[in-house]
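Written below as structure tokens is the structure these notes are about.
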Amino acid sequence: MLPALNEVEGMRAVVPRIDRGLFARILYVDGGSTDGSVEYAREQGLEVIVQSGRGLPNALDEAFALVTTELVVTFSPDGNCIPELLPALCRMLEAGDHDLIVVSRYLQGARSLDDDIMTGFGNWLFTRLANLLFGARCTDLLGMFRGYRSEAIRTMNLHRLPLENRFRRDYWRLNSWELAGSLRAARLRLRYAEIPGDEPARVGGDRKMSVIRNGFATVGSILLDFLLFWPTTRRNG
Numbered sequence: 509m510l511p512a513l514n515e516v517e518g519m520r521a522v523v524p525r526i527d528r529g530l531f532a533r534i535l536y537v538d539g540g541s542t543d544g545s546v547e548y549a550r551e552q553g554l555e556v557i558v559q560s561g562r563g564l565p566n567a568l569d570e571a572f573a574l575v576t577t578e579l580v581v582t583f584s585p586d587g588n589c590i591p592e593l594l595p596a597l598c599r600m601l602e603a604g605d606h607d608l609i610v611v612s613r614y615l616q617g618a619r620s621l622d623d624d625i626m627t628g629f630g631n632w633l634f635t636r637l638a639n640l641l642f643g644a645r646c647t648d649l650l651g652m653f654r655g656y657r658s659e660a661i662r663t664m665n666l667h668r669l670p671l672e673n674r675f676r677r678d679y680w681r682l683n684s685w686e687l688a689g690s691l692r693a694a695r696l697r698l699r700y701a702e703i704p705g706d707e708p709a710r711v712g713g714d715r716k717m718s719v720i721r722n723g724f725a726t727v728g729s730i731l732l733d734f735l736l737f738w739p740t741t742r743r744n745g
């Protein structure tokens, strides 16, 4: 699943490097681009979905509604994700030993070239907070480059976050798959793993997030899950 909004420059640099043989389908989810992103995606033979909701969480929700495969990869086509890491991620996911695998920007010497001082500190702080509250072992709480088992997405309820409570329904920024996935994988004791992968600087386009608003939303989401998400079943071991 490739969500984007006005990222045609990044897509031109990244999409041709994706090994199509790894995937049964590649779903491009567009948030209302006006720069030719949709047209380019169609030229490249991607399945195009024009999302009806607002923001990245809704893009992933709408794409997942069309997924029929057992395994799912989320990948940002803005240049932040390295396509050459996809084969290793897919091999590890296909082995069947993990429910969620994160390509971590901060593991074993990997680094983010897209971070500034504020986002780098925020990622560090949020990850430490989540690890403390949830007993997680994450190094990258918020990176989009991930592989999931579809069953795990449903178990974690990532595709239906806005239905959980009025806070998530009324404020879409609280519905991050990345954050909820990292937190809930720990609480549910799902089989979680990370592999190192650099995050290059984005290619063209503009950063869509507001650092301050997203920072508050991240803290709010962590607290919401800590207080309200108490599943009745967990994976043993």
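Heads up, the sequence shown is in this note's numbering, so the first residue is 509 and it goes up one at a time. Glycine is no exception: its CB is placed at the ideal position from the N, C-alpha and C atoms. Note that the coordinates shown come from a computational prediction; the quantities given were computed from them, not determined experimentally.
Val523 places its beta carbon 8 Å or farther from that of Pro595. Under the three-state reduction of DSSP output, Leu640 falls in the helix class.
Between Ala644 and Ala709 a beta carbon distance of about 28 Å is seen, past the 8 Å cut, so the two are scored as non-contacting.
Sorting Asp624, Ser658, Leu691 by C-alpha distance to the C-alpha of Leu650 places Leu691 at the top. When C-beta atoms of the region 593 to 613 are compared with those of the region 699 to 708, three or more pairs fall below 8 Å, so the two segments count as touching. The region 613 to 624 makes no contact with the region 531 to 549; the number of CB pairs closer than 8 Å stays below 3. Gly553 has its alpha-carbon roughly 31 Å from the corresponding atom of Arg681.
One alpha carbon belongs to Thr726, the other to Pro565, and they sit about 13 Å apart. In this structure, Val558 and Thr627 do not form a Cβ contact; the two beta carbons are roughly 29 Å apart against a cut-off of 8 Å.
By the Cβ-count criterion, Ile625 is exposed, with fewer than 16 other Cβ atoms from all chains shown falling within 10 Å of its own Cβ.
The three-state secondary structure of Arg692, taken from DSSP, is helix. The beta carbon of Ser620 lies closer than 6 Å to those of Arg613, Glu707 in the same chain, with the five residues before and after it left out. Listed in chain order, the non-local C-beta contacts of Asn665 below 6 Å within the same chain number zero, local neighbours out to five positions each way being set aside.
Residue nearest to Thr582 within the set Asp605, Arg562, Tyr536, Thr663 is Tyr536 (criterion: CA-CA distance). With 16 or more neighbouring CB atoms inside 10 Å of its own CB, Gly689 falls in the buried class.
The three-state reading of DSSP puts Ile625 in helix, counting H, G and I together. In terms of Cβ geometry, Tyr656 and Val580 form a close pair [threshold 8 Å]. The continuous alpha helix (DSSP H) containing Thr726 extends over residues 719 to 736. In the DSSP assignment, Tyr700 is bridged to Leu608. Using a 10 angstroms sphere on the CB of Ser729, the tally of other CB atoms reaches 16 or more, which defines it as buried. Secondary structure at Ala709: coil, using DSSP grouped into helix, strand and coil. C-alpha of Trp738 to C-alpha of Thr647: approximately 23 Å in a straight line.
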